[in-house]
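Residue numbers (my numbering): 39 to 317. Have a look at the structure below before the remarks.
Here it is, written out as structure tokens:
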């Protein structure tokens with residue numbers, strides 16, 4: 039039964055092939071969490087007929103209504119470029135869902151273009167790899183850094199509450215090059231860096247537990263690149279959540295290498311969460 043809370047507002051980019059798995063991910067989600075869904079064209083207008091776009095949106099709409107009768111489905115505008123239409127649709131949305139091909143990087147909502155759109159979106163964006171399949175694992179990962187983690191941790195915790203999944207906060211660190219004697223650096227600096235990163239992660243974990251006391255929340259610190267630390271656990275997770283700044287990407291942690299590596303080598307969806315607007 040539907041509770042008294044308003045339905046979550048989702049926007050889904052619909053195209054010929056890139057979005058098929060993304061739509062499947064949305065349908066799987068809506069079976070237990072009805073939502074208000076807006077379907078927006080993500081077709082390449084240079085090669086796609088308008089009638090084909092209309093038919094595709096209507097077909098996806100019927101699929102969603104059949105799977106989740108309590109959900110509300112809107113067919114979005116199809117007379118604008120994909121990026122513009124989706125950006126406009128996300129002004130009032132809580133979650134954007136788009137697909138990504140692993141190997142193809144066309145001038146549409148795939149590959150790096152999907153990541154750029156996620157970085158510009160006003161709401162959280164889930165990018166679903168084409169090889170994803172519905173096989174719940176009961177784990178949600180969230181990358182933690184110094185500047186962009188609060189919104190990501192909060193969204194990940196809410197997702198964990200909704201699905202009953204465990205929540206794991208992952209912090210990765212890399213050692214800078216030693217400025218002086220390498221032996222002295224190893225003895226005096228590496229241990230201090232490891233301890234400092236562990237303490238910072240512990241503080242985030244404690245805040246998350248205080249805000250969400252019913253969830254199983256754990257922390258994991260790894261030396262190395264964030265992409266490697268998250269990729270090592272992504273295969274056991276249902277979702278990987280990352281945060282980003284309003285003014286740009288977090289260098290070395292988000293839309294540069296980390297998300298691209300995850301989408302290239304993993305079947306796990308990646309959720310990019312923008313930092314809340316100030317004020």
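Every residue, glycine too, gets a C-beta built ideally from N, C-alpha and C.
### Message
Measuring straight from C-alpha to C-alpha, what distance separates residue 205 and residue 88?
### Response
43 angstroms
### Supposed close pair residue 167, residue 307 - CB separation, criterion 8 angstroms
7 angstroms
### Task
Buried or exposed for residue 183, please, with buried defined as at least 16 other CB atoms from any protein chain shown within 10 angstroms of its CB.
buried
### Beta-ladder partner(s) of residue 211, from DSSP
261
### Message
I'd like the list of long-range same chain contacts for residue 109, defined as Cβ closer than 8 angstroms, with 5 residues on each side in sequence excluded.
### Response
45, 68, 72, 73, 74, 75, 102 and 103
### Query
To the nearest whole angstrom, what separates the beta carbons of residue 309 and residue 164, a pair I think is in contact under 8 angstroms?
5 angstroms
### Identity of the residues DSSP links to residue 251 by a beta bridge
DSSP, once it has assigned bridges, lists no residue as partnering residue 251.
### Message
Which of the three DSSP states is assigned to residue 189 in this structure?
### Response
helix
### Query
Roughly how far, in whole angstroms, is the beta-carbon of residue 47 from the beta-carbon of residue 126, given that I think they are within contact range, below 8 angstroms?
That pair is no contact at about 14 angstroms.
### Task
Can you give me the Cβ contacts of residue 256 inside the same chain, cut-off strictly under 8 angstroms, excluding the 5 residues immediately before and after it?
204, 205, 206, 207 and 243
### Task
Identify the continuous beta strand (DSSP E) that holds residue 301 and give its terminal residues.
Where residue 301 is concerned, there is no enclosing beta strand (DSSP E), although the alpha helix (DSSP H) it sits in stretches over 296-303.
### Message
Assuming the contact rule is C-beta atoms closer than 8 angstroms, residue 174 and residue 274 should be a hit. Round their C-beta distance to whole Å, please.
### Response
Between residue 274 and residue 174 the Cβ distance is about 11 angstroms, and since that is not below 8 angstroms, they are no contact.
### Task
On a CA-only basis, which of 296, 300, 248 and 97 is nearest residue 195? Give me that one, please.
248
### Query
Among 254, 57, 191 and 228, which one has its Cα closest to the Cα of residue 135?
57
### Query
Helix, strand or coil for residue 99 per DSSP?
helix
### Query
First and last residue of the beta strand (DSSP E) that includes residue 282?
277-282
### Query
Mapping DSSP to helix, strand and coil, what is residue 162?
strand
### Message
Taking the alpha-carbon of residue 280 as reference, which of 252, 312 and 271 has the nearest alpha-carbon?
### Response
312
### Alpha-carbon spacing of residue 50 relative to residue 230, whole angstroms
45 angstroms
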